[in-house]
Amino acid sequence: MAVAAPTPPTFDKPLQLPLSQDDLDKINEYLRPLVPEDILRWAVEHIPGLFQTTAFGLTGLVAIDMLSKITSSPPPLIFIDTLYHFPETHELVEEVKTRYNVPVTVYKPEGCETVQDFEKKHGEKLWERDEELYDFVVKVYRSQLSMIH
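10 is the number of the first residue of the sequence shown in the working numbering; add one for each residue after it.
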């Protein structure tokens, strides 16, 4: 016996934010059984100011590729550069920008352009001395800033 597709909740396009917990619950209930492409398609159609954060790992690259097939204007990408990425990651960033014609905004730890800048400001191996502070300085704080810019 075939299962009927869930009935989509009726919301404005784009969604009017912020959403209530009830609205979020309805959206999650609708999206839960969908395949990733359909979830991304729904997001592109409904979420204003949609963007994707990525570290250019496999799952991020798959999402970028799916989005490029769903829309001719994929959402912009945000890359949080911890300054400790491999050179190949930076090469991949450039390749993705070219291949998918998608803007990539890069955020680095505040006031730092290089590992040397970071270590001068925070000391060497901050991730070993204070992992929570390291994560906040290089990831959380920059992610929060990216959402308001």
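Idealized CB from N, CA, C, for every residue including glycine.
Return the CA-CA distance between residue i and residue j, expressed in angstroms with no decimal places.
i      : j      : result
THR63  : ILE87  : 6 Å
ASP139 : SER81  : 43 Å
GLU104 : ASN110 : 10 Å
LYS35  : ASP47  : 16 Å
LEU43  : THR107 : 30 Å
CYS121 : GLU141 : 19 Å
ASP31  : ARG41  : 15 Å
ASN37  : ASP126 : 43 Å
Does DSSP classify residue i as helix, strand or coil?
i      : result
VAL147 : helix
LEU86  : strand
GLU133 : coil
LEU24  : coil
Note down, in chain order, each residue of its chain lying with its Cβ closer than 7 Å to the Cβ of residue i, except the 5 sequence neighbours on either side.
i     : result
THR98 : PHE65
LEU59 : ALA52, VAL53 and PRO84
LYS1  : Since the first residue shown for the chain is 10 and the last is 158, residue 1 is missing from the structure and cannot be characterised.
Is it the case that the Cβ atoms of residue i and residue j are separated by a distance below 8 Å?
i      : j      : result
VAL124 : LEU92  : yes
VAL147 : PRO118 : yes
VAL115 : ASP90  : yes
PRO84  : GLN61  : yes
PRO45  : LEU24  : no
Suppose the cutoff is 8 Å on Cβ atoms and the five residues either side in sequence are ignored; what does the same chain contact list for residue i look like?
i      : result
LEU49  : ALA72, MET75, LEU76 and ILE79
GLY132 : ARG138
LEU67  : none
HIS55  : PHE20, LYS22, PRO23 and LEU24
SER29  : none
For residue i, collect the residues of the same chain with a Cβ closer than 6 Å to its Cβ; drop the 5 residues on either side in sequence, then sort them by chain order.
i      : result
GLY69  : THR63
TRP51  : none
PHE20  : none
LEU135 : TYR143
Q. Going along the chain, which unbroken runs of the alpha helix (DSSP H) with 4 or more residues stay wholly within the region 26–81?
A. 30–40, 45–55 and 67–79
Q: Give, in chain order, every unbroken run of the alpha helix (DSSP H) that is at least 4 residues long and sits entirely within the region 89–131.
A: 96–109 and 124–131
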